[in-house]
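J.: Below is one structure. I have some questions about it.
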Amino acid sequence: MIKKIVFFWSISVLSIASQNQLPLANGFLEDIENNEFEYWSHQANEGGDATYSIETDNLVQGSTKALKCQVYSLGANGWHVSSKSEYPFQVNAGQKYTVTFYAKVEGADSRQMKLVFQSDVSGSYQGQNIWITNEWKRYNHTFTVEHSSDNNRVRFWYMQSDVTYFLDEVSISPGDRITFQPEEKHQTVDGFGAGIKRRTEDLYVLNDSFREQIEEYCFNDLEVNMIRFFVYHDLEPENDNDDPYSLDETQLDWTRYDSDPNSWRTRYVGEALQNAFNLSVNGFDHVIGNCNSAPAWLKTNGQHNGGGTLISGGESEFSEFLVAFLNGMESRYGIEVTAISPTNEPDYEVSYESMNTTPSELSSILINLNARLSNSGLDHINIVSPECFRVESQNSGTSATNYINTMFENSAVEEAIDIVGTHTYADPNHNANWNALKVAANGKPVWVTESANLGSTDQSMTDAANYIKWIIRGFNEGGVTAYMVHLFYGEADNNGYSSLVGWTPAGEIILPKRYHSFKHFTNLVKKDYSLISSASSDENVVFVAGFISDDESKIILQVFNEGEEKDFSMDIPIGSISVERILTTNNDSEEFTSLGTQEINYYDRYFTTNLPELSLTSFVFNIDESLSNSSNYLANNNLLEVRLYPNPSEDKINILFTDYSTYSLNIFGLKGQKIYERTIFDNETSIDISEFQKGTYLLKISSMSDEKTITKKIIKQ
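Residue numbers (our numbering): 660 to 1376.
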């Protein structure tokens, strides 16, 4: 049976109206005729010996059949056992074609399979050896064709004997391709957010209506779940009583956190946090207190700015100071801080409020703080460290990577740190070694707690590109689980600004493209989603990150095209019922713009789409939850034998079973809605579909006696 793909928007229509157009017929290896897969042939020549069969156990999610090849001998030259698609398709010289497929071996840990791309034109042969493991995995390879042909085919050579190969879900697409594998899950997302450090006092001198608009953009429209703010150095302006284990709370000065317009030192922090919480859509999971500097009296230079570090033996007093902050925020303002960071950029010398603390000095601080939190009943407070200026560097005294490598030599420090924090500065060319930080973190969550293109007057996608690449590379390469921009809000001036939302002195609110780009992540990728494996065949220009929801009902694919407009082929995950496309470009009308939601045919495996110049596109795939693993629907391998005819049909589908039994019949639309339900006791029946709208449906049949199930696609003409 020849399948047809019809897609949407500016997306190209793929069909096989003529015999040699893609997609590959029966590439999903489901259609059977005379107990063999349609459009496939199998060879075992020149002494090659193999048994080919149809496998129905232990399959790829969403599949009911796979090709099984048990190889006994490879033949005289070692390459005479193969499977070939007999569907001839057209290829054009100079064009790329990407082949994807699922495969595994049985009887060995791994064995080679050769993927061959060849037409009837002399010299067209191309082959690629691929190592196949003993678990189902998706593989892909991109060929560039030198000769045009109307008669190209794909073949799989089995390269070792005394092993069984399994093959399924073969797909071929023209051009560059974006691939992803939902079954390959990586780290779990903690969230997205930004800081309000140093800007609350600027916001709260504005009139209430204007301020509220800005806060609405930041905390409601963005749907963030993380916020970071200062632990002010002058909370304890002088040593309270020289006893680091007995706090005199009357000596604490909370002016910075209060809302007192008559005091120049007031920062409205408590009010700003509560307003953020009240505007939140899903709540704040992470509230982070960050200490740029210990109180001046605890510093080697006697002041809160200009660097310096903690005085010798000052760790216990510093821990008392931080615990006082945590307790006071809750008792005075009702704000439960969830994480504490004792330093900010300890590797970067600056004139503003700061400490320049070595890895050894920071280690002592962290061990002491961890013990104090435990003794104070604050074990639930996470410690974030070291929050260095950059991800990695060749200088042993700088970067989060080098700090963590040094500090984790002491197991007590590794135990004390709950979250590895880093900033992304000093990475303007986006060549930081994120993987080095991931390795150093040794399985701990990695958070980007501050990130910005500082001093930027650029409001375009050129500026937004920095944030997008830090996020995508951080998650894909660095094990990042959370990303925070430098600031939620700030006044924009001629010197540039790095906040998500800006305002001018004239009272204009500015939403730069970095705001709309960040929204792709904050609004679409939620806490407890998982990163999945994804790739682009043009990885130098097109960057990809994929995420799957915790209930597996959504797959989010973020695609950033840093280059010129181009067409791409893109995977469709098995079980998808619809997809929404959301776009941000330099065009004023394309900010966070939905291009609509379209249904997907059940057996479609890819589509072609246009990626505009310098654009971020999110593809939101909705997966039929009735097809999830939890329902044992897609992954069910205990299958019934059943025949449906005619299919497609205008009015009636006949069903023939091999045995008399009680059967449950359920029909679902491609959006997952159940539209038909019936139970029978017989070995044959029919279903009247004359009142159904034209389209594709899924018929799920279950035997009540032995719990066998099968799902079939039916088409109403």
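Glycine is no exception: its CB is placed at the ideal position from the N, C-alpha and C atoms.
Using only CA atoms, which one of Ser1157, Pro1305, Ala1204, Thr1140 lies nearest to Leu1275?
T.: Locating residue 1275 in the sequence shown gives position 616, counting from the first residue. Measuring from the Cα of Leu1275, the nearest candidate turns out to be Ala1204.
J.: Under the rule that 16 or more other beta-carbon atoms within 10 Å means buried, what is Ala1071, buried or exposed?
T.: Residue mapping note: residue 1071 aligns to position 412 of the sequence shown, counting from 1. Exposed is the call here.
J.: In whole angstroms, what separates the C-alpha of Tyr876 from that of Ser744?
T.: Position 217 of the sequence shown, counted from the first residue, corresponds to residue 876. Position 85 of the sequence shown, counted from the first residue, corresponds to residue 744. One C-alpha to the other measures close to 54 Å.
J.: Looking only at C-alpha atoms, which of Leu1254, Asp716, Tyr1262, Leu688 sits nearest to Gly1234?
T.: Indexing the sequence shown from 1 puts residue 1234 at position 575. If we check each option's Cα against that of Gly1234, Tyr1262 comes out closest.
J.: Using 8 Å for Cβ pairs, my map puts Thr1140 next to Val848. What's the rounded Cβ distance?
T.: To locate residue 1140, count along the sequence shown from 1; it is residue 481. To locate residue 848, count along the sequence shown from 1; it is residue 189. Right, the Cβ-Cβ distance comes to about 6 Å (below 8 Å), so this counts as a contact.
J.: Excluding sequence positions up to five away, which residues of its chain have a Cβ less than 6 Å from the Cβ of Asp809?
T.: Taking the sequence shown and counting its residues from 1, one reaches residue 809 at position 150. Result list for Asp809: Asn679, Gln749, in chain order.
J.: Once DSSP output is grouped into helix, strand and coil, what is the label at Ile886?
T.: Translated into the one-based positions of the sequence shown, residue 886 becomes position 227. Three-state DSSP puts Ile886 in a strand.
J.: Can you tell me which of the three DSSP states Asp917 falls into?
T.: One-based indexing of the sequence shown puts residue 917 at position 258. In the structure shown, Asp917 sits in coil (DSSP, three-state: anything other than H, G, I, E or B).
J.: In chain order, what residues of the same chain have a beta carbon less than 6 Å from the beta carbon of Thr1121, not counting five sequence neighbours either side?
T.: Translated into the one-based positions of the sequence shown, residue 1121 becomes position 462. Cβ neighbours of Thr1121 beyond the five flanking positions: none.
J.: By a C-beta neighbour count over all protein chains shown, 10 Å radius and 16 as the cutoff for buried, is Gly942 buried or exposed?
T.: In the sequence shown, the residue the question calls residue 942 occupies position 283. So Gly942 ends up on the exposed side.
J.: Just verifying my parser: in three-state terms, what is the DSSP assignment at Ser868?
T.: Within the sequence shown, numbered from 1, the residue matching residue 868 stands at position 209. Correct three-state label for Ser868: helix.
J.: Quick one: is Phe1340 buried, meaning 16 or more other Cβ sit within 10 Å of its Cβ, or exposed?
T.: Translated into the one-based positions of the sequence shown, residue 1340 becomes position 681. The residue is exposed, with fewer than 16 neighbouring Cβ atoms inside 10 Å.
J.: Keeping to the same chain, check which residues put their C-beta closer than 8 Å to that of Ile837; ignore five residues upstream and five downstream.
T.: The residue you call residue 837 lines up with position 178 of the sequence shown. The residues are Ser1193, Ala1194, Ser1195, Ser1196, Val1201, Val1203, Leu1216, Val1218, Phe1227, Ser1228, Met1229, Asp1230.
J.: For Asp768, which option in Trp795, Gln787, Val780 has the closest C-alpha, if you only look at C-alpha atoms?
T.: Here residue 768 refers to the residue found at position 109 of the sequence shown. For Asp768, the nearest C-alpha among the options comes from Trp795.
J.: Could you tell me which whole alpha helix (DSSP H) segments of length 4 or greater appear in the segment 976-1056?
T.: Runs of the alpha helix (DSSP H) inside the segment 976-1056: 1018-1034.
J.: Roughly how many whole angstroms lie between the Cα atoms of Arg814 and Ser832?
T.: Sequence index remark: in the sequence shown, residue 814 carries index 155 (1-based). Sequence index remark: in the sequence shown, residue 832 carries index 173 (1-based). Whole-angstrom Cα-Cα distance: 15 Å.
J.: Out of Trp913, Glu697, Val1043, Thr803, which has the shortest C-alpha to C-alpha gap to Tyr927?
T.: Numbered from 1 along the sequence shown, position 268 holds the residue referred to as residue 927. The residue with the shortest Cα to Cα distance from Tyr927 is Trp913.
J.: Which residue or residues does DSSP assign as beta-bridge partners of Met1143?
T.: Along the sequence shown, one-based indexing puts residue 1143 at 484. DSSP output for Met1143 lists Gly852 as bridge partner(s).
J.: Along the chain, where does the beta strand (DSSP E) that runs through Glu842 open and close?
T.: Here residue 842 corresponds to residue number 183 of the sequence shown, with the count starting at 1. Taken as a continuous stretch (DSSP letters only), the beta strand (DSSP E) holding Glu842 covers 836-847.
J.: With a CB to CB cut of under 8 Å and the five nearest residues on each side skipped, what residues in its chain are close to Gln771?
T.: For the purposes of this step, residue 771 is taken as the residue at position 112 of the sequence shown. Closer than 8 Å at the Cβ level, and outside the excluded window around Gln771, lie Asn788, Ile789, Trp790, Ile791, Met818, Gln819.
J.: Flag this pair as yes or no: are the beta carbons of Ile1373 and Asn1281 separated by less than 7 Å?
T.: Residue 1373 sits at position 714 when you count from the first residue of the sequence shown. Residue 1281 sits at position 622 when you count from the first residue of the sequence shown. Their beta carbons are not under 7 Å apart, which means Ile1373 does not touch Asn1281 by this criterion.
J.: Across the segment 1070-1088 and the segment 1048-1061, are there enough close Cβ pairs to call them in contact, namely three or more that are closer than 8 Å?
T.: Segments in contact, yes.
J.: Could you tell me if Leu1333 is buried or exposed, where buried requires 16 or more neighbouring beta carbons within 10 angstroms of its beta carbon?
T.: Position 674 of the sequence shown holds residue 1333. Inspection of the sequence shows that residue 1333 is occupied by Lys rather than by Leu. Result: exposed.
J.: Below 8 Å on the Cβ atoms is my contact criterion, and I expect Lys1213 with Leu1303 to pass it. Report the Cβ-Cβ distance as a whole number of Å.
T.: Sequence index remark: in the sequence shown, residue 1213 carries index 554 (1-based). Sequence index remark: in the sequence shown, residue 1303 carries index 644 (1-based). No, Lys1213 and Leu1303 are not in contact; Cβ-Cβ is about 31 Å, not under 8 Å.
J.: Could you name the residues that DSSP lists as bridge partners for Asn799?
T.: For the purposes of this step, residue 799 is taken as the residue at position 140 of the sequence shown. Paired residue(s): Thr759.
J.: Select from Asp1247, Lys958, Met1143 the residue whose C-alpha is nearest the C-alpha of Ile1169.
T.: Residue numbering aside, residue 1169 sits at position 510 when the sequence shown is read from its first letter. Nearest C-alpha to Ile1169: Asp1247.
J.: Check the DSSP bridge columns for Thr1268 and list the partner residues they point to.
T.: In the sequence shown, counting from the first residue as 1, residue 1268 sits at position 609. Paired residues: Phe1227.
J.: With a threshold of 16 other CB atoms inside 10 Å of the CB of His1039, please say whether the residue is buried or exposed.
T.: Taking the sequence shown and counting its residues from 1, the one referred to as residue 1039 is at position 380. Its Cβ having fewer than 16 others within 10 Å, His1039 is exposed.
J.: Just verifying my parser: in three-state terms, what is the DSSP assignment at Trp620?
T.: Residue 620 cannot be examined here, being either before or after the span of the chain that is shown, 660 to 1376.
J.: Taking Cβ to Cβ, would you say Ile1042 is nearer than 7 Å to Asp1006?
T.: Residue mapping note: residue 1042 aligns to position 383 of the sequence shown, counting from 1. Residue mapping note: residue 1006 aligns to position 347 of the sequence shown, counting from 1. The answer is no: Cβ separation not under 7 Å.
J.: Report buried or exposed for Tyr784, applying the criterion of at least 16 other Cβ atoms within 10 angstroms of its Cβ.
T.: Along the sequence shown, read from residue 1 onward, the residue named residue 784 stands at position 125. Looking at its Cβ environment, which holds fewer than 16 other Cβ atoms inside 10 Å, Tyr784 is exposed.
J.: Give the secondary structure of Val1279 by DSSP, where H, G and I count as helix, E and B as strand, and everything else as coil.
T.: Locating residue 1279 in the sequence shown gives position 620, counting from the first residue. Three-state DSSP puts Val1279 in a strand.
J.: Which value, in whole angstroms, describes the spacing of the CA atoms of Thr859 and Gly1166?
T.: Looking up residue 859 in the sequence shown gives position 200. Looking up residue 1166 in the sequence shown gives position 507. Cα to Cα, Thr859 sits roughly 17 Å from Gly1166.
J.: For Thr1016 and Thr968, which I take to be in contact (beta-carbon distance under 8 Å), what is that distance rounded to the nearest angstrom?
T.: Locating residue 1016 in the sequence shown gives position 357, where the first residue counts as 1. Locating residue 968 in the sequence shown gives position 309, where the first residue counts as 1. The pair is a contact, with the Cβ atoms about 5 Å apart (cut-off 8 Å).
J.: Taking the CB atoms as reference points, tell me whether Phe839 and Ile1191 lie closer together than 7 Å.
T.: As a working note, residue 839 is residue 180 in the sequence shown. As a working note, residue 1191 is residue 532 in the sequence shown. The answer is yes: Cβ separation under 7 Å.
J.: Have a look at the DSSP bridge pairing and note the partners of Gly1328.
T.: Your numbering for residue 1328 matches position 669 in the sequence shown. Bridge partners of Gly1328: Tyr1356.
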